[in-house]
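All remarks here apply to the structure that follows.
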Amino acid sequence: MSPEQPQVVIERAELDDAAALHEIARRTFVHATPEDADPAAIDEFVATSLSEEAFRGHLDAAASRVLIARQERTPIGYALLLLDKALPDDDGLDRSQPLVQGRGLFLSKFYLLPEARGTGASTAMMRECFELGRRIGADFLWLQVNDRNERANAFYERAGLQRVGTATFQLGAQVHSDFLRAARL
264 MSPEQPQVVI ERAELDDAAA LHEIARRTFV HATPEDADPA AIDEFVATSL SEEAFRGHLD
324 AAASRVLIAR QERTPIGYAL LLLDKALPDD DGLDRSQPLV QGRGLFLSKF YLLPEARGTG
384 ASTAMMRECF ELGRRIGADF LWLQVNDRNE RANAFYERAG LQRVGTATFQ LGAQVHSDFL
444 RAARL
């Protein structure tokens, strides 16, 4: 982060943030999907799974945590974490590996507006995800990311999340290949 950039603040999102979280999701989810993903399926996913109502549900749920990144009080990114969500029951994961033993914290969504890249927000937000995991007593943090999303995979690798398996993600009629990544806390 260069000295002239305003400070990035990471905090727990509140119900009042639901509209801003949906807007960030609307602007960023497309960047997490492969180029050949169906645009109508992307729009449908955002309209349902990442709607204001869906975010209000997560913000109200005991098993969810939503972090929001702000720069000069403007929302620029978010992370959605789900407590005690099991790893996918998929052939692409060896559950005996030590990295995924114990209680997991699932990093379901992790998005930053494109214009906020280079602000240090993604690093600060990831650091807070790890800290949250430690505070709640999780043993590892895990996520699922499209195998063709080079930017995200490079970031997660730098953050210490190792590839531990594969899974699939259905978006509309298409089934996409994902990597499972995890890090001990």
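Under the working numbering, think of the first position of the sequence shown as 264, with each following residue one higher. Glycine is no exception: its CB is placed at the ideal position from the N, C-alpha and C atoms. For clarity, every value in this text was computed on a predicted model and none was experimentally measured.
For residue i, which option in the options has the closest C-alpha, if you only look at C-alpha atoms?
i, options, result
"E391", "I273, F442, F418", "I273"
"G340", "T431, D441, E286", "E286"
"E298", "E420, R447, D410", "D410"
"I283", "Q268, A317, A304", "Note on residue identity: the sequence assigns Ala, not Ile, to residue 283. Comparing Cα-Cα distances from A283 to each of Q268, A317, A304, the minimum goes to A317."
"T382", "T311, R333, R447", "R333"
"R328", "K348, G365, D354", "K348"
"T296", "L443, H439, L448", "H439"
"A326", "P361, L345, E394", "L345"
"L434", "P269, A276, A304, Q268", "A304"
"R336", "A276, I399, T431, L404", "A276"
"P269", "T431, L395, A379, V408", "A379"
"P361", "L313, L395, L404, E315", "L404"
"F432", "S314, D353, L376", "D353"
"R366", "L376, L375, I399, L313", "I399"
What are the start and end residues of the alpha helix (DSSP H) that includes residue i?
i, result
"H321", "315-323"
"R397", "384-399"
In whole angstroms, what is the alpha-carbon distance linking residue i and residue j?
i, j, result
"A445", "A422", "10 Å"
"P302", "Q437", "11 Å"
"F308", "V293", "10 Å"
"R290", "N416", "19 Å"
"V271", "F373", "16 Å"
"D323", "L278", "8 Å"
"E413", "F442", "11 Å"
"D280", "A384", "17 Å"
"M388", "R397", "14 Å"
"P338", "L330", "11 Å"
"A401", "D306", "33 Å"
"V363", "T311", "30 Å"
"Q425", "Y419", "8 Å"
"A288", "E394", "23 Å"
"R358", "A300", "30 Å"
"S232", "T386", "A query on residue 232 cannot be resolved here, the shown segment of the chain reaching from 264 to 448 and no further."
Ends of the beta strand (DSSP E) at residue i?
i, result
"N412", "Premise fails: N412 is in no beta strand (DSSP E) and is neither H nor E."
"K372", "367-375"
"A326", "Taken as a continuous stretch (DSSP letters only), A326 belongs to no beta strand (DSSP E), as it is neither H nor E."
"R336", "Unbroken run through R336: none, as it is neither H nor E."
"D441", "437-447"
"Q360", "Where Q360 is concerned, there is no enclosing beta strand (DSSP E), given that its DSSP letter is neither H nor E."
"L424", "Element bounds for L424: n/a, residue is neither H nor E."
Just to check my reading of the structure: residue i and residue j have Cβ atoms closer than 8 Å, yes? What is that Cβ distance to the nearest angstrom?
i, j, result
"L368", "G428", "Not really, about 17 Å apart at Cβ, beyond 8 Å."
"L406", "L448", "About 13 Å; that fails the 8 Å criterion."
"A321", "L343", "According to the sequence shown, residue 321 is His rather than Ala. That pair is a contact at about 6 Å."
Subject >> 3-residue-minimum beta strand (DSSP E) runs that sit fully inside the stretch 271-309, ordered along the chain >> reply: Counting only runs of 3+ residues, the beta strand (DSSP E) found wholly inside the stretch 271-309 occupies 271-275, in chain order.
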